[in-house]
Each structure stands twice: as structure tokens, then as C-alpha cells.
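In the working numbering, the protein residues as written are 1 to 348.
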């Protein structure tokens, strides 16, 4: 892609998110979300592969549906209450509609079905943008509206953690596994939103760091399915030995960074007398952990098939920059001891 066009599209992505962040009026927020969607569509379709075009079309249709629903709900809210302000959402009907529209935007269960299909059709770089940056603007709105229906949030959260766990079990494609991982993490964030918004923010940030690491590792290995992972020993031995730790951090095992948000969320849910919900969430994390362990096993404990149809790749020097991988790996593996400092900063 022409670098000028790429720069324009990335600027559009940044501007759309910034407009949504800065807006207090629903029309302005909607405009930011639309800019975001329109800026990423050429990035998604740049390969001109039928799979990429199909993924782009699916993404456009779901985002357009969510945006139309958001616009309808905010207009209804203005008609019922006379308010266009995002923080003045008092009527339960438009608030619930907006919450569902934003759930569709980010891919929460039960409106998640588009996310694995879309992510599967993209290359890893665009998939990374879709899994991280594209979640920011809708999350900023979710944090601002303070949904009036607590049951809805808990149902969305539990459904997402369960679907994210079950859905990834039978997958062989890495991008689909990362999509289900994304759904499960978003479920954890939504579960705790009404009790501790700062904890939701912490979970979102740790999810970004861990997902960034996972995508960069797979990109460095040029891996898109589980079988390809088995050849990674020949390409990057040091990175291959660290990757299981990244995957276990995504699964939420101590003493890695991913344990921090899960630990604090379970603690907060127990304080709110929601022990059954906390138990369900913890059990669903075990499901996710299974497929992360499966990836770790395929990557580090199996040899690649060396018959004619599956010869191991040549070990060529990688031309990709390794500093981002190194930085994100350190953050993915070693932030747990800083938990008190991080929680103190977020509660300021």
C-alpha cells in the first residue's frame, strides 16, 4: 500500500478514536465511531484476497448495524429525555439499546459471531489493530454511560467468558483462537464494569499488552495455524521458549501479568456477594487455559513433520524489528509485582 495512503488511514483511525474520546454529545461520538470503521476497511481489504474481502464485508455490515442502532437509541433518548449528553443517560430503554449496540461493536457474546470470522480473514497486523485499537472508542462510551441495568452487564459478561472459553477449544487457526480469547477477556471487563470502572480499565490495558505480544510472536514466526507453530524452533529458539509464558499469561496464571486483573476481579465480585458469578468466570478461565496450553504444547514440545508435504522452513535472519516484541514480552511476563502501584495510579 502507498505509504501516503497508509498514513492517511492510520491518521483517520487515530482521529476517529480521539473524537469519540473527546465527545460529550452522542452525534459526535457516533461520528468518531464511523470514522474509525471507514478508516480500517481499506486496511482490511488491502490483500485483495477473497477471504479478506469477505471479512471486510462482514465487518462493515456488523459495524454499520451497530452504528445505526446507536444512532436510533441516542435519538430515542433525546426524544424521551431532551438530552443528547452521553453522561446524562437516565432512561432504561435507550441505555440498554446503546449498551447492546456497543456490545455488537466490540464483539461481546451473544453478538460475537462476526469477530472470529472477520479476524480469520485478515493478516496479523490488521488483526492486531482490530483486536486492540478498535476496542478503545466503544469502551470509552461504555465507561461513560454507567448502564442502568446491572443484570444485563452480568449476563453479557458471563456469556462472553463462557463463549470465549468454549469457542476456542476446537480451533486450529491461531487468529480464531485469538478472537475467542478476545471475547473472553472482554467478558471479564464487562463483568466488573459497574462495580469498579478503574479495574475494567486495568483489565483492558493488560489485555492490550498481552494480545500485542501474542500477535507479534505469531507475526515473527509467520504462523497462522497450530501446525506452523511446530516449525518455530528453527526460526527463533529464544522467542519460542518464552512464548508459552506469554500464552499462560493470557490464560491468567500466576506469577505472570495476566493473573493480576483476574485476581482483582474475582476479589471484587466476591465482595459484591456475587460468588456464583465469580465461580463461573473462574471456571471459564480454565477452558481458555486449555487451548493456551494446547498452543504451548504444539509450539515447544512437538517436532514439525519433515515429510515432503511439510518440510521445516529455512532459518533465515528475520527482517522484522524485534524491539516491540521484547518490550511487550517484558510487560506481559513481569508486571504482577507492580500490582499495588498500578492499582494506586488507576484509583487516583
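For every residue, glycine included, the Cβ atom is placed at its ideal position computed from N, Cα and C.
Taking the beta carbon of residue 35 as the centre, do at least 16 other beta carbons fall within 10 Å, making it buried, or is it exposed?
As a position in the chain shown, residue 35 is number 35, starting the count at 1. Residue 35 is buried by the Cβ-count criterion.
Taking the DSSP output, what are the residues bridged to residue 25?
In the chain shown, counting from the first residue as 1, residue 25 sits at position 25. Looking at the DSSP assignment, residue 25 forms a beta bridge with 85.
Could you tell me if residue 44 is buried or exposed, where buried requires 16 or more neighbouring beta carbons within 10 angstroms of its beta carbon?
For the purposes of this step, residue 44 is taken as the residue at position 44 of the chain shown. Counting Cβ neighbours within 10 Å, residue 44 comes out buried, since at least 16 surround it.
Alpha helix (DSSP H) containing residue 271: first to last residue?
Taking the first residue of the chain shown as position 1, residue 271 is located at position 271. That run of the alpha helix (DSSP H) goes 259 to 271.
If you count every other CB in all the chains shown that lies within 10 Å of the CB of residue 271, and 16 or more means buried, which is it?
Mapped onto the chain shown, residue 271 falls at position 271. Classification of residue 271: exposed, given that the 10 Å Cβ count is below 16.
If you compare alpha carbons, which of 26, 54, 53, 134 is closest to residue 70?
Position 70 of the chain shown, counted from the first residue, corresponds to residue 70. Ranking the options by Cα distance to residue 70, first place goes to 26.
Just to confirm before moving on: does the CB-CB distance between residue 286 and residue 190 stay below 8 Å?
Here residue 286 refers to the residue found at position 286 of the chain shown. Here residue 190 refers to the residue found at position 190 of the chain shown. It is not a contact, given that the beta carbons lie outside the stated cut-off.
Given this structure, state the Cα-to-Cα distance separating residue 211 from residue 1, to the nearest angstrom.
Translated into the one-based positions of the chain shown, residue 211 becomes position 211. Translated into the one-based positions of the chain shown, residue 1 becomes position 1. Rounded to the nearest angstrom, the two C-alpha atoms are 25 Å apart.
Specify whether the stretch 96 to 108 and the stretch 58 to 72 touch according to this definition: at least 3 beta carbon pairs, one from each stretch, less than 8 Å apart.
Touching, yes.
Could you spell out where the alpha helix (DSSP H) holding residue 158 opens and where it closes?
Taking the chain shown and counting its residues from 1, one reaches residue 158 at position 158. Note, residue 158: alpha helix (DSSP H), 150 to 167.
Give every residue of the same chain whose Cβ lies closer than 7 Å to the Cβ of residue 28, excluding the five residues on either side of it in the sequence, and list them in chain order.
Translated into positions along the chain shown, residue 28 becomes position 28. Closer than 7 Å at Cβ, skipping near neighbours: 19.
With DSSP run on the structure shown, which of helix, strand or coil describes residue 227?
For this step, residue 227 is matched to residue 227 along the chain shown. Correct three-state label for residue 227: helix.
Going by DSSP, what residues sit across from residue 173 in a beta bridge?
As a working mapping, residue 173 is identified with position 173 in the chain shown. BP columns for residue 173 point to 225.
Let me know if residue 150 comes out buried or exposed under the rule of 16 or more other beta-carbons within 10 Å of its beta-carbon.
Along the chain shown, one-based indexing puts residue 150 at 150. Classification for residue 150: exposed.
Determine the closest residue to residue 177 out of 136, 274, 294, with distance taken between C-alpha atoms.
Your numbering for residue 177 matches position 177 in the chain shown. Closest by alpha carbon: 294.
Taking three-plus beta-carbon pairs below 8 Å as touching, is the stretch 214 to 221 in contact with the stretch 191 to 204?
These segments do not touch.
What is the DSSP secondary structure of residue 195, reduced to helix, strand or coil?
Position 195 of the chain shown, counted from the first residue, corresponds to residue 195. Coil, per DSSP.
Between the C-alpha atoms of residue 329 and residue 259, what's the straight-line distance to the nearest angstrom?
Numbered from 1 along the chain shown, position 329 holds the residue referred to as residue 329. Numbered from 1 along the chain shown, position 259 holds the residue referred to as residue 259. Roughly 15 Å separates the two Cα atoms.
Go through its chain and collect everything with a Cβ distance to residue 292's Cβ below 7 Å, but skip five positions before and after it.
Taking the chain shown and counting its residues from 1, the one referred to as residue 292 is at position 292. So the list reads 247, 248, 250, 251, once near-sequence residues are dropped.
Suppose contacts are defined by Cβ-Cβ distances below 8 Å. Is residue 223 in contact with residue 229 by that definition?
Taking the first residue of the chain shown as position 1, residue 223 is located at position 223. Taking the first residue of the chain shown as position 1, residue 229 is located at position 229. It is a contact, given that the beta carbons lie within the stated cut-off.
To the nearest angstrom, report how far apart residue 23 and residue 136 are at their CA atoms.
Working through the chain shown from its first residue, we reach residue 23 at position 23. Working through the chain shown from its first residue, we reach residue 136 at position 136. Cα to Cα, the separation comes out at about 14 Å.
Measuring alpha carbon to alpha carbon, tell me which residue in 80, 254, 161, 200 is nearest residue 280.
In the chain shown, residue 280 corresponds to position 280, counting from 1. Ranking 80, 254, 161, 200 by Cα distance to residue 280 puts 161 first.
In the structure shown, what three-state DSSP assignment does residue 109 receive?
Along the chain shown, one-based indexing puts residue 109 at 109. Correct three-state label for residue 109: coil.
By how many angstroms is the C-alpha of residue 261 removed from the C-alpha of residue 10?
Numbered from 1 along the chain shown, position 10 holds the residue referred to as residue 10. Numbered from 1 along the chain shown, position 261 holds the residue referred to as residue 261. Their backbone Cα atoms lie some 30 Å apart in a straight line.
Where does residue 35 fall in DSSP's three states?
Position 35 of the chain shown, counting from 1, holds the residue named residue 35. Note: residue 35 maps to helix in three-state DSSP.
For residue 16, tell me which candidate among 31, 141, 185, 124 has the shortest Cα-Cα distance.
Numbered from 1 along the chain shown, position 16 holds the residue referred to as residue 16. Among 31, 141, 185, 124, the Cα nearest to that of residue 16 is on 31.
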